[in-house]
Every structure is written in C-alpha cells, then in structure tokens.
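So the protein lines, in turn, are chains A and B.
The opening residue of the first sequence carries number 0 in numbering that gives the first Met the number 0; numbering runs sequentially from there.
The opening residue of the second sequence carries number 0 in numbering that gives the first Met the number 0; numbering runs sequentially from there.
Beta carbons are placed, not taken as given, at the ideal position from N, Cα and C, and that holds for glycine.
This one's a predicted model, so the numbers in the text were calculated from it and none came from an experiment.
Working notes, structure below.
Number of protein chains: 2
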Amino acid sequence: MIIGMARWEPGAHGRMMAAAIALFTEYGYENVTVAQIAAEVGVTERTFFRHFTEKREVLFDGAGGLQNRVVELIAAAPPGGDPWTVTVDAMREMCDEFFDGRREQSRQRQRIIESANELQERELLKLAALTSAITAAHVERGCPANTSELVARAGVAVFTVGFGRWIDGPVRQFSDAIADVAAELHGAIAHSTRP
Amino acid sequence: MIIGMARWEPGAHGRMMAAAIALFTEYGYENVTVAQIAAEVGVTERTFFRHFTEKREVLFDGAGGLQNRVVELIAAAPPGGDPWTVTVDAMREMCDEFFDGRREQSRQRQRIIESANELQERELLKLAALTSAITAAHVERGCPANTSELVARAGVAVFTVGFGRWIDGPVRQFSDAIADVAAELHGAIAHSTRP
Numbered sequence: 000m001i002i003g004m005a006r007w008e009p010g011a012h013g014r015m016m017a018a019a020i021a022l023f024t025e026y027g028y029e030n031v032t033v034a035q036i037a038a039e040v041g042v043t044e045r046t047f048f049r050h051f052t053e054k055r056e057v058l059f060d061g062a063g064g065l066q067n068r069v070v071e072l073i074a075a076a077p078p079g080g081d082p083w084t085v086t087v088d089a090m091r092e093m094c095d096e097f098f099d100g101r102r103e104q105s106r107q108r109q110r111i112i113e114s115a116n117e118l119q120e121r122e123l124l125k126l127a128a129l130t131s132a133i134t135a136a137h138v139e140r141g142c143p144a145n146t147s148e149l150v151a152r153a154g155v156a157v158f159t160v161g162f163g164r165w166i167d168g169p170v171r172q173f174s175d176a177i178a179d180v181a182a183e184l185h186g187a188i189a190h191s192t193r194p
Numbered sequence: 000m001i002i003g004m005a006r007w008e009p010g011a012h013g014r015m016m017a018a019a020i021a022l023f024t025e026y027g028y029e030n031v032t033v034a035q036i037a038a039e040v041g042v043t044e045r046t047f048f049r050h051f052t053e054k055r056e057v058l059f060d061g062a063g064g065l066q067n068r069v070v071e072l073i074a075a076a077p078p079g080g081d082p083w084t085v086t087v088d089a090m091r092e093m094c095d096e097f098f099d100g101r102r103e104q105s106r107q108r109q110r111i112i113e114s115a116n117e118l119q120e121r122e123l124l125k126l127a128a129l130t131s132a133i134t135a136a137h138v139e140r141g142c143p144a145n146t147s148e149l150v151a152r153a154g155v156a157v158f159t160v161g162f163g164r165w166i167d168g169p170v171r172q173f174s175d176a177i178a179d180v181a182a183e184l185h186g187a188i189a190h191s192t193r194p
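Spelled out as structure tokens, the structure:
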C-alpha cells in the first residue's frame, strides 16, 4: 500500500516507475506488459530488466530505501528518547522526505496493489521486513527485544493507517496524518479502561 | 506464527494435524509428504485431501475458527465498551478457549512456519484477514472505520508479540502474556513524550 513509492529519480528508472503506474491504472496491472512500459519511456525491455527483476518490482522499488531511511533516523535519534516517540518521529521525517508531492501517485499505486493478490502479498512481505528492521534498530539502541518488536509493530500499524488516511482524506502532509493517527492510538489506549 | 493451532478435534482431522506437526518437526516441512501424514494416523491420502486442500493447510486449519470466535466475542461485548479494551479482552478470552494446553504444539508449529517462506507468507495473509475481521467487527458496533482499523492493527500486534512471549517465555497462560504485552504497549505509548 505504501512502500514502493519513494524517491523517483528523474532518469529512466523513475520514468519507468511513473509510466508503469499510469499504464496499470489505465489498463489494469494484469494487462500491461513490460514491453509496453519500456516502449512508453523509449527504452528496450532489456533496459527494464536491468532495473527491475520482474514486472511487479517496478511497484516496490522504493521499499528498501524507505526502510533504510527509517532505520537511519532511529539510529540517529537522541539517546534516551523513548522508543515510541523515536519511532513515530522517524516515520514522520521519512514521509516528508519520500512522499512529499507524491499523494496522487501514492493513491494510484495503492489502488493497483489492491487489484491483485500477488501484489498484496508482496506488500505484506515488505511491511514485515520494515517491522523487522525497526525492531532491530531499537535493539541496536539498547531497547529490550520484546519492547522493540512491540513498538515496531504498533509503529507500522500507525504508518499503514496514516497512509490510508493521507491518500483518501483531505489534502495535507503524510507526516501530519501519521501524527493524527499516533495521537488517536494514544487516546484509544491511554483512555481505555484496560490498564 | 499463531493462527492455525486451535481446537484440535479428537477425530481423524485433529490427529492428522498433530501428526503433521510432529513429522514436520522431526524431518522438516519440505521433506514430509501427505502420504506419510496419512499413514501416520492410519487413513488414506484421499481422506487427508477431504479435510485439507493441500499439505500446508494442515498447519492453518484453525485460523478461521479463531478469527470467527474473536469476531463473536467483540460483537457480544457490552455496548459502550471502549474498542481497545473490547479487543484485548476478546483476544484473551479466545486464547483461553483455543490455546489452553497447546503451548508445546504452538511452539513446534511456530518453528515450522519460520522454516519455510511459503508458510510465512500464508501466516501473514491469515493475520491480515484477522485484522480485517476485527476492523469489521468494530465498525459493526458503531466504531468509526479509521479507529476500528487502528485498534485492530494494534490488537493483532499485541496478539503476535504476546504469542512469541508465551511460547518462548516462562510457562503460563497465553492470555496472561497478552495482558502483559497490552500493559507494556500502554506504558510505551501513554508515557511517551509524544502526545
């Protein structure tokens, strides 16, 4: 749903990603060939496969960069920062860097992901990898493994819900949507009758 | 990791599930055939396939029942209960009903899931389905869709982390592990510097 949008380069790589999303949106993911995507940006199929291992990868190319950036930001957070605040702030910062000006493409990409089971599965795997990376980043800071995993899972939940609210809600920054969702989770849990 | 353990019937169905876990644990998931599982409990391969569509399904058979029970419990919660408390309490109740006395098998099953990518993917899909079902159950109670999804995702995070703590931590009830993890999430979020 989220994870492949990030940082389109201006070169052939980024143009293939943009062309793929436009073509998938117009004709359906299943109906578009790699040859069509390549033709759309004036490169050969072979060039496409130098950049992406298979058709669906053109939708997930940003995932690694996004994940690495969140991990970097968690590692760079001031020592002693509580894990939840560090996680939410890192995600917000990454969103400002990676998703600014990408709302429409993010929404289109999301609709494509929802259209095919294989893409949804791939997205789940990417989110699981992001969760593991955030967990490891907190362990690296000296946070207990159990707490690290819990905060990572809750953080990815906030990220995912925030993404949906950003692409389908009123126009604003993705990072503001995340702040709202984090505040809502705080409200739901802190004011529950459960201790 | 969690989701297929539940409610083994005493008949051939349950015996096939137990035999499969024992055989997978001893010889490895990839190396065990359906014929071996069937032979182990004295039925034919054909009988196996009357109960399970494919080999891996023997590990995920409980998922539907578990999900339905959580949904039932959320639906039956007192009106006006806050969504977070309702979610955690429903999961705890379900765990008492489904996982009591199943700690060792749950741990073995978890190790099998971790041994094969296709099983991990299947598990992610089952957890995604559980998340959707919990979301829908809260919407049905009149909770806004956004909050419902957020609480469902955070709830499944607590369930998943609680499962890991239950199978690998000191012996106790699964539902007590969930209560501890829910309290820890409360602590991490309510006492963070982030509002």
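Taking the alpha carbon of residue i as the point to measure from, which residue in the options has its own alpha carbon closest?
| i | options | result |
| --- | --- | --- |
| Pro169/A | Arg106/A, Val150/A, Phe158/A | Arg106/A |
| Thr159/A | Ile177/A, Leu65/A, Leu58/A | Ile177/A |
| Trp83/B | Leu65/B, Ala17/B, Leu184/B | Leu184/B |
| Gln104/B | Ala89/B, Met90/B, Ala17/B | Ala17/B |
| Glu117/A | Ala187/A, Ser131/A, Pro77/A, Lys54/A | Lys54/A |
| Asp167/B | Asp95/B, Arg110/B, Val31/B, Gly27/B | Arg110/B |
| Phe162/A | Leu58/A, Ser147/A, Ala187/A, Arg101/A | Arg101/A |
| Arg14/A | Val31/A, Val57/A, Thr24/A, Tyr26/A | Val57/A |
| Arg140/A | Ser191/A, Ala128/A, Ala76/A | Ala76/A |
| Ala62/A | Leu124/A, Arg171/A, Gly154/A | Leu124/A |
| Ser131/A | Ala38/A, Glu148/A, Asp179/A | Glu148/A |
List the residues of chain A whose Cβ lies closer than 7 Å to the Cβ of residue i, in chain order.
| i | result |
| --- | --- |
| Ser191/B | Asp81, Trp83, Thr84 |
| Val40/B | Ordered by position in chain A, no residue passes the 7 Å Cβ test against Val40/B, which lies about 32 Å from the chain. |
With residue i and residue j assumed to form a contact (beta carbons below 8 Å), what rounded beta-carbon distance in angstroms separates them?
| i | j | result |
| --- | --- | --- |
| Arg152/B | Ala156/A | 4 Å |
| Ala136/A | Tyr28/A | Contact doesn't hold; Cβ gap of about 33 Å is too wide. |
| Glu122/B | Ile133/B | Actually they are not in contact, since the Cβ atoms of Glu122/B and Ile133/B sit about 17 Å apart, beyond 8 Å. |
| Arg108/A | Ile20/A | 6 Å |
| Ala187/B | Thr146/A | 7 Å |
| Glu120/B | Glu120/A | 6 Å |
Report all residues from its chain with a CB closer than 7 Å to the CB of residue i; omit the five preceding and five following residues, and keep chain order.
| i | result |
| --- | --- |
| Gln35/A | Leu22 |
| Ala181/A | Val87, Val157 |
| Ala128/B | Gln66 |
| Val85/B | Ile73, Ala76 |
| Thr192/B | none |
| Gly154/B | Thr86, Val87, Met90, Ile133 |
| Glu96/A | Arg68 |
| Asp175/B | none |
I want to verify the contact list: residues of chain A whose CB lies under 9 Å from the CB of residue i, in sequence order.
| i | result |
| --- | --- |
| Leu123/B | Glu120, Leu123, Leu124, Leu126, Ala127 |
Got a sec? Which residues, its chain only, sit under 8 Å from residue i by beta carbon, not counting five neighbours each side?
| i | result |
| --- | --- |
| Cys142/A | Pro82, Val150 |
| Ala11/B | Val40, Val42, Thr46, His50 |
| Phe48/B | Val33 |
| Asp179/A | Gly161, Arg164 |
| Glu171/B | The residue asked about is misnamed: residue 171/B is Arg in this sequence, not Glu. Only Trp165 meet the Cβ criterion. |
| Glu8/B | With a pLDDT of 44 at Glu8/B, under the threshold of 50, the modelled position of this residue cannot be trusted, and the question is left open. |
| Pro78/A | Arg140 |
| Gly38/A | Note on identity: in this sequence residue 38/A is Ala, with Gly being the wrong assignment. Here the set comprises nothing. |
For residue i, return the contacting residues in chain A, with the cut-off set at a CB-CB distance below 8 Å.
| i | result |
| --- | --- |
| Ala187/B | Asp81, Pro82, Trp83, Thr146, Leu149, Val150, Ala153 |
Kindly list, in the order they appear in chain B, the residues whose Cβ is closer than 7 Å to that of residue i.
| i | result |
| --- | --- |
| Val180/A | Leu149 |
| Leu184/A | Leu149, Ala153, Ile188 |
Residues in its own chain within less than 6 Å of residue i by CB, not counting five upstream and five downstream?
| i | result |
| --- | --- |
| Ala144/B | Val138 |
| Ala89/B | Val69, Leu72, Ile73 |
| Phe173/A | Cys94, Phe98, Trp165 |
| Val31/A | Leu22, Phe23 |
(request) Using a Cβ-Cβ cut-off of less than 7 Å, list which residues of the region 87 to 121 of chain A approach chain B; keep chain order. (result) Val87, Glu120
(request) Check distances from the C-beta atoms of the region 140 to 168 of chain B to those of chain A and list, in chain order, the residues that come in under 7 Å. (result) So the close ones are Asn145, Thr146, Glu148, Leu149, Val150, Arg152, Ala153, Ala156, Thr159, Val160, Arg164.
(request) Select from the region 53 to 68 of chain B all residues with a C-beta closer than 7 Å to any C-beta belonging to chain A, and list them in chain order. (result) Taking a C-beta cut-off of 7 Å against chain A, none of the residues of the region 53 to 68 of chain B qualify.
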